[in-house]
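Undergrad:
2 protein chains.
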Amino acid sequence: MSINALDRLVSLLSKLPGVGKKSAGRMAYHILDADPSYAGMLAEELAGLHQAIHRCSVCGSFTESDPCPICADSSRDHSIICVVERAQDVRVIEESKEFRGLFHVLGGLIAPLEGISPGNLTIGQLMNRVRKDSVREVILAMNPTIEGDTTALYLQKVLKEFNIEVTRLASGLPVGGDLEYADRLTLSRSFRGRIKV
Amino acid sequence: MSINALDRLVSLLSKLPGVGKKSAGRMAYHILDADPSYAGMLAEELAGLHQAIHRCSVCGSFTESDPCPICADSSRDHSIICVVERAQDVRVIEESKEFRGLFHVLGGLIAPLEGISPGNLTIGQLMNRVRKDSVREVILAMNPTIEGDTTALYLQKVLKEFNIEVTRLASGLPVGGDLEYADRLTLSRSFRGRIKV
Chain A
1 MSINALDRLV
11 SLLSKLPGVG
21 KKSAGRMAYH
31 ILDADPSYAG
41 MLAEELAGLH
51 QAIHRCSVCG
61 SFTESDPCPI
71 CADSSRDHSI
81 ICVVERAQDV
91 RVIEESKEFR
101 GLFHVLGGLI
111 APLEGISPGN
121 LTIGQLMNRV
131 RKDSVREVIL
141 AMNPTIEGDT
151 TALYLQKVLK
161 EFNIEVTRLA
171 SGLPVGGDLE
181 YADRLTLSRS
191 FRGRIKV
Chain B
1 MSINALDRLV
11 SLLSKLPGVG
21 KKSAGRMAYH
31 ILDADPSYAG
41 MLAEELAGLH
51 QAIHRCSVCG
61 SFTESDPCPI
71 CADSSRDHSI
81 ICVVERAQDV
91 RVIEESKEFR
101 GLFHVLGGLI
111 APLEGISPGN
121 LTIGQLMNRV
131 RKDSVREVIL
141 AMNPTIEGDT
151 TALYLQKVLK
161 EFNIEVTRLA
171 SGLPVGGDLE
181 YADRLTLSRS
191 FRGRIKV
């Protein structure tokens, strides 16, 4: 078959995360089989996406308004900032409904091998927020990976100059998990972070 | 967060097959993080999809031209028709490069419980093709499921009136599979379909 509209769509869809050539094909045929209004709506949303959504000038998460609804919400606790790697982490934490403070999106993690140094992240902006606003706690919510740990350690160091609490999300056995299948590092963390009951 | 462009995109993406709310979110953020030209191209393809692609009037597969490139290809064997359930099956078989004949898309399988009877499928068109063109073999390539078997049995019966060969794709152990993990029905089929070596 020659390169046609279907092949082009499949090749575009297969660039999405977690989507291989087979699933892209399945998606494309699903869209073809579905009511044309579905493809139309999807096309419209995609066409307008980058105009509608930009980064919040305060916290760096994606938003339609500026500042974002979270930063603008006076009912939230503005004295706690949760620092995350990417904008999508804000969504995940919001959905857990566990946190009622503000966020700060770093835009990545320190990774010297990939050429990402502290200067490439929004650490300066975070420092400014801590300096200007009456922040009493910064929660470091990077993933418990090498890069996440490195970044957390760096932030811990630079935030020392302020008289605030700096905490890190607990790392350990996932709820519903099994000791038998936990890796050594996770087990070690859950020992070091054990709590009195 | 209020319902915004991002939420609408996530909700549309999560309607794709195999895409849950989490992967839809990951996709949406990936699109936001990517160059805006990606969202633009995807939007354009989706907007034009249903205009560009329609069903081949001969075989029923999706195509830009009519008849489709496969039906129009005189170098292919027009005396063999491979009958498949859905248009995407044509793609899968074409990619295997195993078959050089023509196709016929049924548009479904006989499933009385879902209200799909032979009259809802393109069986009449298949009969017409067999009657008019000099077809010598029809390969039934439905999935080896209850509905697939029922449909194959039905087609076998109605195709009896023609003096042609009717075959069915072999069913049995998948290559690289393991006897230990084969279900009883697959094992039974591979015994019944065993071949002399």
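Chain order of the listed sequences is A and B.
Every letter in the first sequence is one number past the one before it in this note's numbering, and letter 61, counting from 1, is 61.
Every letter in the second sequence is one number past the one before it in this note's numbering, and letter 149, counting from 1, is 149.
Positions of the beta carbon are idealized from the N, C-alpha and C atoms, including for glycine.
Give the secondary structure of H50(A) by DSSP, where H, G and I count as helix, E and B as strand, and everything else as coil.
TA: Of the three classes helix, strand and coil, the one that applies to H50(A) here is helix, per DSSP.
Undergrad: Who are the near neighbours of Q51(A) in its chain, counting only those whose CB is closer than 6 Å to its CB and skipping five residues on each side?
TA: Excluding residues within five positions, none has a Cβ falling inside 6 Å.
Undergrad: Within 10 Å of its beta-carbon, does F103(B) have 16 or more other beta-carbons around it, so buried, or fewer, so exposed?
TA: When all chains shown are included, F103(B) counts as buried.
Undergrad: Please confirm whether R91(B) has its beta-carbon closer than 9 Å to some beta-carbon of chain A.
TA: It does; some Cβ of chain A falls within 9 Å.
Undergrad: Within 8 Å, do at least three Cβ pairs link the segment 33-50 of chain B to the segment 82-100 of chain B?
TA: With a cut-off of 8 Å, the segment 33-50 of chain B and the segment 82-100 of chain B do not count as touching, because too few Cβ pairs lie within range.
Undergrad: Can you list the residues of chain B that A72(A) reaches, using a CB-CB cut of under 7 Å?
TA: Here the premise fails: no neighbours, minimum Cβ distance about 11 Å.
Undergrad: Under 9 Å between the Cβ atoms of A24(A) and L16(A)?
TA: Yes, they are a contact pair.
Undergrad: Pick out whichever of Y154(A), E180(A) and K160(A) has its Cα sitting closest to the Cα of A111(A).
TA: The shortest C-alpha separation from A111(A) is found at Y154(A).
Undergrad: Against chain A, with Cβ distances strictly below 9 Å, would L9(B) count as a contact?
TA: Chain A contact via Cβ: present.
Undergrad: Rounding to the nearest angstrom, what Cα-Cα distance links S2(A) and I70(B) in this structure?
TA: Here the model assigns S2(A) a pLDDT of 46, short of 50, so the residue's position is not dependable and the matter cannot be decided.
Undergrad: Under a three-way DSSP split, which group does R129(A) fall into?
TA: In the structure shown, R129(A) sits in a helix (DSSP, three-state: H, G or I).
Undergrad: Quick check: is the beta carbon of F162(A) nearer than 9 Å to any beta carbon in chain B?
TA: False, the Cβ-Cβ gap to chain B never drops below 9 Å.
Undergrad: How about the segment 118-137 of chain B and the segment 150-167 of chain B: do they share at least three Cβ pairs that are nearer than 8 Å?
TA: Contact holds: three or more Cβ-Cβ distances are below 8 Å.
Undergrad: Considering only C-alpha positions, which residue in the set P36(B), S37(B) and L46(B) is nearest to L13(B)?
TA: Checked all of P36(B), S37(B) and L46(B); the closest Cα to L13(B) is L46(B).
Undergrad: So for T63(B), helix, strand or coil by DSSP?
TA: T63(B): strand per DSSP, three-state reduction.
Undergrad: Alpha carbon to alpha carbon, how far is G18(A) from V10(B)?
TA: The straight-line gap from Cα to Cα measures roughly 15 Å.
Undergrad: According to DSSP, is I80(A) part of a helix, a strand, or is it coil?
TA: It is a strand residue.
Undergrad: Check this for me: beta carbons of I93(B) and A141(B), under 9 Å apart or not?
TA: Contact: yes.
Undergrad: Under 9 Å between C-beta atoms, does R192(A) make it to chain B?
TA: For R192(A), the answer is no, since every Cβ of chain B falls outside 9 Å of its Cβ.
Undergrad: Considering only DSSP beta bridges, list what F103(A) is partnered with.
TA: Partner(s): C82(A).
Undergrad: If the criterion is Cβ atoms closer than 9 Å, does the pair V105(A) and R168(A) meet it?
TA: Not closer than 9 Å, so no.
Undergrad: Rounded to the nearest angstrom, what separates A84(B) and T63(B) at their Cα positions?
TA: According to the sequence as given, residue 84(B) is Val; it is not Ala. The straight-line gap from Cα to Cα measures roughly 16 Å.
Undergrad: Check the Cβ-Cβ distances between A52(A) and every residue of chain B, and say whether any is below 9 Å.
TA: Answer yes: the Cβ-Cβ gap between A52(A) and chain B drops below 9 Å somewhere.
Undergrad: So which residues of chain B does M27(A) contact, with C-beta pairs closer than 7 Å?
TA: Result: L16 and P17.
Undergrad: Would you verify that the beta carbon of H104(A) is, or is not, closer than 9 Å to some beta carbon of chain B?
TA: No, H104(A) lies away from the interface with chain B (no Cβ there is under 9 Å from its Cβ).
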